[in-house]
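So in full-length UniProt numbering the end of the sequence shown lands on 312, straight run, no missing numbers.
Backbone N, C-alpha and C fix where the C-beta goes; we use that ideal spot for every residue, glycine too.
All values reported here derive from a predicted model rather than from experimental measurement.
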Amino acid sequence: MGETNCSVVSEFVFLGLSNSWSIQAFVFLFSCMFYVASLLGNFLIVLTVTSDPHLQSPMYFLLANLSFLDLIFCSSTAPKMIYDLFRRRKTISFGGCITQIFFIHAVGGTEMVLLIAMAFDRYIAICKPLHYLTIMSPQRCVWFLVASWIIGFIHSVTQLIFVVDLPFCGSNELDSFFCDLPRFIKLACVDTYILEFMVTANSGFISVASFLILIISYMFILVTVQKKSLGSLSKALSTLSAHVMVVVLFFGPLIFFYIWPFPTSHLDKFLALFDAVITPFLNPVIYTLRNKEMKVAMRRLCSQFINYNKIS
């Protein structure tokens, strides 16, 4: 029979967050403020940890790498979204869409593993303080970091392998402000039910499994500490509360995206916006406001910067 008369899709059109100009103006100011704050906050953590000799410990090494990941994560979607807000036609090339998907899943997968490494670090620090520096050696910290990047890369690539060669010749409209696999796959010209299930199950399973591992590990730490002394329990609760908040903020939207059986477009967009610009901003706020050493180190860094400017 004759060939199907259709043009191959070379770009995708985002439907965006809203058609209301007033809402778009609010989202523009809101997103710009939080995106800039996310960049400054996370960059300040990375700079403080790498330059201050008092923070050369495994906990701060992992925290600096988490902030570095947040810098990449928020920059993979937020700038494009902010740029598109007042454009009538919000487009992205096929290659740009694939690149965005790759970074979202690679960095997201890496951050999941890194959060587990940070939970392990807190377990050793709280439950085995005398052996902390021996167990959390610099070599082991680097190993954690390399393993997290490898796992994140594999997670992203294995999903993209199945979708990068899909034929797209029909609708090219994505009801979102960024590219992600579930909506991307639905635009293909072939039956993708099995592929959608595989991708959703993959990301959903990794998100839920990582979340459960982290929550169970925190509960195990608290139970272990409780058997020792009440004073240690209050200190452990204070230390772990920041980690629990970060875990809930990171995994909450992800689990909703991939596990919730009744997706809602407006709620999905709100959670995606929250995940793109607010969560990367809250991470440095949560960790620094509850950490005296970080606050002292940041003040010391700011003082050095001010004195350097005065001298020069």
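DSSP bridge partner residues for residue i (one or two, in chain order)
i, result
"residue 173", "13"
"residue 213", "None, per the DSSP bridge assignment."
"residue 91", "13"
Beta-carbon gap between residue i and residue j smaller than 7 Å
i, j, result
"residue 307", "residue 70", "no"
"residue 280", "residue 73", "yes"
"residue 177", "residue 29", "no"
"residue 169", "residue 141", "no"
"residue 259", "residue 204", "yes"
"residue 34", "residue 221", "no"
"residue 13", "residue 91", "yes"
"residue 144", "residue 117", "yes"
"residue 15", "residue 297", "no"
"residue 110", "residue 152", "yes"
"residue 159", "residue 199", "yes"
"residue 58", "residue 112", "no"
"residue 207", "residue 255", "yes"
"residue 68", "residue 46", "yes"
"residue 248", "residue 286", "no"
"residue 156", "residue 105", "yes"
"residue 32", "residue 100", "no"
"residue 253", "residue 267", "no"
"residue 290", "residue 242", "yes"
"residue 114", "residue 39", "no"
"residue 183", "residue 174", "yes"
"residue 124", "residue 132", "yes"
"residue 24", "residue 85", "yes"
"residue 314", "residue 172", "The structure shown has nothing for residue 314, since the chain only spans 1 to 312."
Three-way DSSP call (helix, strand, coil) for residue i in this model
i, result
"residue 304", "helix"
"residue 51", "helix"
"residue 290", "coil"
"residue 187", "coil"
"residue 80", "helix"
"residue 227", "coil"
"residue 192", "coil"
"residue 179", "coil"
"residue 5", "For residue 5, the pLDDT reaches just 42, beneath the cut-off of 50, and the residue's location in the model is therefore unreliable, although a value from the coordinates is still provided. Coil at residue 5, not helix or strand."
"residue 100", "helix"
"residue 22", "helix"
"residue 73", "helix"
"residue 86", "coil"
"residue 57", "coil"
Outcome for residue i when other beta-carbon atoms lying within 10 angstroms are tallied against a minimum of 16
i, result
"residue 93", "exposed"
"residue 19", "exposed"
"residue 81", "buried"
"residue 250", "buried"
"residue 77", "buried"
"residue 107", "buried"
"residue 186", "exposed"
"residue 214", "buried"
"residue 60", "buried"
"residue 36", "exposed"
"residue 302", "exposed"
"residue 201", "exposed"
"residue 294", "buried"
"residue 50", "exposed"
"residue 325", "Any question about residue 325 goes unanswered here, given that the chain covers just 1 to 312."
"residue 209", "exposed"
"residue 87", "exposed"
"residue 305", "exposed"
"residue 89", "exposed"
"residue 121", "buried"
"residue 288", "buried"
Within-7 Å CB hit, residue i to chain B
i, result
"residue 117", "This model lacks chain B altogether; it includes just one protein chain."
Worksheet entry | 4-residue-minimum alpha helix (DSSP H) runs that sit fully inside the region 113 to 173, ordered along the chain | You should have 132 to 135, 138 to 163.
Complete alpha helix (DSSP H) runs within the region 247 to 281 (minimum length 4 residues, chain order)
Within the region 247 to 281, complete alpha helix (DSSP H) segments of at least 4 residues are found at 265 to 273, given in chain order.
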